[in-house]
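Residues 0 to 339 (numbering that gives the first Met the number 0) make up the sequence shown, in order. We treat Cβ as the ideally placed atom computed from N, Cα and C, and that holds for glycine. Note that this is a predicted model, so its numbers are computed, not measured. Data first, discussion second: the structure below is written as structure tokens.
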Amino acid sequence: MRQAVMTSPGVIEHREIPEPGPLKDHEVLLRIKKIGICGSDIHVFHGEHPATPYPVVQGHEYSAVVEAVGPLVTKVRPGMKTTARPQLVCGKCGPCRRGQYNACQELKVQGFQAQGVAQDLFVVTDDRIVPFSDAMTFEQGAMIEPAAVGAHSTSRVNSLKGKNVVVSGAGTIGNLVAQFAKARGARKVLITDISNFRLDIARKCGIEGAANIKEIPFTESIRTFFGEKGFQVGFEAAGVQSSLDVLIQNVEKGGDVVILGVYSKNPVVNMFFLGEHELNVYGSMMYRQEDYETAAEMIASGMIVTAPLLTKSFPFAQYLEAYQFIEKQGDRTMKVMIDL
């Protein structure tokens, strides 16, 4: 079967490898259909991901069809559409024991510290499987992983109902966070970016508030959209120092800031605002099983819209060209997929 391997930064080799052997009791054999490329994959492509060794088989957001199941698998059956969480956890550390396995002290993520799904057939355990509706497309199925990030991050605060929310960063993740904030009952949601292309995509996904802070300063955009009420919750999804600064400096006193952006350089946090304004700052790490299931349900129901996020699809043989396309297109690219 086919497999794509990133042997070093910027280099992808295609190989023929044997198909997986007999399945164990709780294993599921998947035939991979679509693979989404995300920002973290791009960091690996550039050699800028600190926790990814080479060679590495990438692919962690994907859709598939169940090819076969182990003797004790009851959750899925052959022919079903499905995806699965890419997290490998120890189950023994403190975070795992209290159910916070997404922050496992020995966490390995497939596509980074463990083999990903960039091959025709892939084996996963049934505890991580998430089947999705037959009515959903394989493109939608591959969007469950990034949508689960939105599901988890918007559950980090006590409640969003009736609150004004700002999401900084209108890439794929920021877009999905904004959609989930709206779905969870936020009063008004404003997404900010410096790319009109991304902001237009956000509007197509139902996010009415979209502001280019390169054209209109952040504080003015906030005042225009929210009026005197301001905002009570901010989500930092850009991974940029200035983005974190404006959220912490402008969120309502006693408000919440959730950080889910990935920073190439550790940011500085304004401790004056954090302390004097008694802010709550939360980290958000990936997702848990319930977030995956929520994401699948919300996409199937139409409450989370993914079609406008899809920029282009490449055949499996053009894996490298897909990365090169993302580099050339820059901020005019949202989600690029690999089609197996």
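For the pair T293 and I143, the Cα-to-Cα distance works out to about 9 angstroms. Distance from the Cα of S132 is smallest, within the candidate group G161, Y262 and K80, for K80.
The DSSP-derived three-state label of M270 is helix. Listed in chain order, the non-local C-beta contacts of D24 below 7 angstroms within the same chain comprise G69, P70 and L71, local neighbours out to five positions each way being set aside.
By the criterion of at least three beta-carbon pairs nearer than 8 angstroms, the region 309-328 is not in contact with the region 147-156.
At least 8 angstroms separates the beta-carbon of F121 from that of V43. DSSP places N195 in the uninterrupted alpha helix (DSSP H) bounded by N195 to K203. E26 carries a strand assignment under DSSP once its states are collapsed to helix, strand and coil. Inter-residue distance for D126 and Q109 is about 15 angstroms (C-alpha atoms, whole angstroms). The distance from the Cβ of F234 to that of V268 is about 16 angstroms, inconsistent with a contact at the 8 angstroms cut-off. Comparing alpha carbon positions, the residue from F217, F137, P130 and K203 closest to V166 is F217. Distance from S154 to V176 at the Cβ level is roughly 11 angstroms; contact not present, criterion being Cβ atoms closer than 8 angstroms. In its chain, beyond the 5 residues on either side, Q86, M284, M285, Y286 and R287 have a beta carbon closer than 7 angstroms to the beta carbon of N101.
Annotation for V245: the continuous alpha helix (DSSP H) segment containing it runs Q240 to N249.
Beta-bridge partners assigned by DSSP to Y281: V257.
Contact between the region 88-100 and the region 42-59 is not established, with fewer than three Cβ pairs separated by less than 8 angstroms. Here K33 is near D338, since their CB atoms are less than 8 angstroms apart. As computed with DSSP, D330 is found in no beta bridge at all. The continuous alpha helix (DSSP H) containing S152 extends over residues I143 to S152.
DSSP places Y61 within a strand segment (E or B) once states are collapsed to three. Cα atoms of I215 and E320: separation of roughly 36 angstroms, rounded to the nearest angstrom.
For E66, the closest alpha carbon among the candidates V123, L243, Q328 and E12 is that of V123. For F44, no beta strand (DSSP E) segment is defined; the enclosing uninterrupted segment is the alpha helix (DSSP H) at G38 to F44. Taking all protein chains shown into account, F179 has 16 or more neighbouring C-beta atoms within 10 Å of its C-beta and is therefore buried. When DSSP states are grouped into helix, strand and coil, N265 belongs to the coil group. In the structure shown, Q288 adopts helical secondary structure according to DSSP, grouped into three states.
Residue state for E138 is assigned as helix, using DSSP reduced to three classes. Collapsing the DSSP output to three states places N163 in a strand. Ranked by Cα distance from V75, the first of Q57, P130, K327 and M135 is P130. P130: member of the beta strand (DSSP E) spanning I128 to P130, first to last residue. For T191 and L278, the gap between their C-alpha atoms comes out near 21 angstroms. For N174, the enclosing alpha helix (DSSP H) stretches over residues T171 to A182. In the three-state reduction of the DSSP assignment, N211 falls in the strand class, which pools E and B.
Assigned with DSSP and collapsed to three states, A67 falls in strand. For the pair I128 and V27, the CB atoms are nearer than the 8 angstroms cut-off.
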